[in-house]
Amino acid sequence: MSGIALSRLAQERKAWRKDHPFGFVAVPTKNPDGTMNLMNWECAIPGKKGTPWEGGLFKLRMLFKDDYPSSPPKCKFEPPLFHPNVYPSGTVCLSILEEDKDWRPAITIKQVVNEHDDVAGPEEQCSEAGAEEPVSEGEEGAISLSSQQHPRHTLP
Numbered sequence: 001m002s003g004i005a006l007s008r009l010a011q012e013r014k015a016w017r018k019d020h021p022f023g024f025v026a027v028p029t030k031n032p033d034g035t036m037n038l039m040n041w042e043c044a045i046p047g048k049k050g051t052p053w054e055g056g057l058f059k060l061r062m063l064f065k066d067d068y069p070s071s072p073p074k075c076k077f078e079p080p081l082f083h084p085n086v087y088p089s090g091t092v093c094l095s096i097l098e099e100d101k102d103w104r105p106a107i108t109i110k111q112v113v114n115e116h117d118d119v120a121g122p123e124e125q126c127s128e129a130g131a132e133e134p135v136s137e138g139e140e141g142a143i144s145l146s147s148q149q150h151p152r153h154t155l156p
């Protein structure tokens with residue numbers, strides 16, 4: 001593991017513990033021996049008020065590679081979130097998580113989590129995630145019904 005990645009992630013953890021959005025969770029996982037695994041984080045993102053996702057707490061996994069922060073973390077909702085900007089695998093369509101688009105090494109975990117918060121709201125659809133046209137009124141009802149049936153997950 002890269003010393004640069006681990007050092008940066010330790011700083012990120014410290015910054016998160018001092019200041020993070022209310023209701024959000026971002027914690028490193030534990031290795032089988034009980035030590036902290038800074039390269040693998042579990043996050044929980046509350047659904048935005050006034051959206052079909054309101055009241056839910058959606059689990060997101062962040063995996064960091066050895067070359068972090070030069071490369072972005074891989075982020076995935078587990079289980080996949082029913083949303084036009086989320087691939088069936090749970091991976092989110094966000095330009096800030098793509099090296100060749102908007103990723104910059106200065107982007108923090110807090111900023112990444114805040115971007116995922118926008119996914120749990122009524123934002124623009126991402127054509128890359130399979131949505132070819134904006135959501136119509138009839139589809140909004142389907143999203144609302146699906147979100148009611150989608151299990152609400154929390155971290156242990």
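Its first residue numbered 1, the sequence shown is counted upward by one per residue in UniProt numbering. Note that beta-carbon positions come from the ideal geometry of N, C-alpha and C, so glycine has one too.
{"Item": "What are the uninterrupted segments assigned as beta strand (DSSP E) that are 3 or more residues long and contained completely in the stretch 8-40, given in chain order?", "Value": "25-30"}
{"Item": "Using 8 angstroms for Cβ pairs, my map puts proline 79 next to serine 89. What's the rounded Cβ distance?", "Value": "Contact doesn't hold; Cβ gap of about 10 angstroms is too wide."}
{"Item": "For leucine 94, which three-state DSSP category applies?", "Value": "coil"}
{"Item": "In this structure, how does DSSP classify leucine 81 when only helix, strand and coil are distinguished?", "Value": "coil"}
{"Item": "With DSSP run on the structure shown, which of helix, strand or coil describes glutamate 115?", "Value": "helix"}
{"Item": "Near aspartate 117, what residues of its chain come up, given a Cβ to Cβ distance below 6 angstroms and the 5 sequence neighbours on each side ignored?", "Value": "Ile45"}
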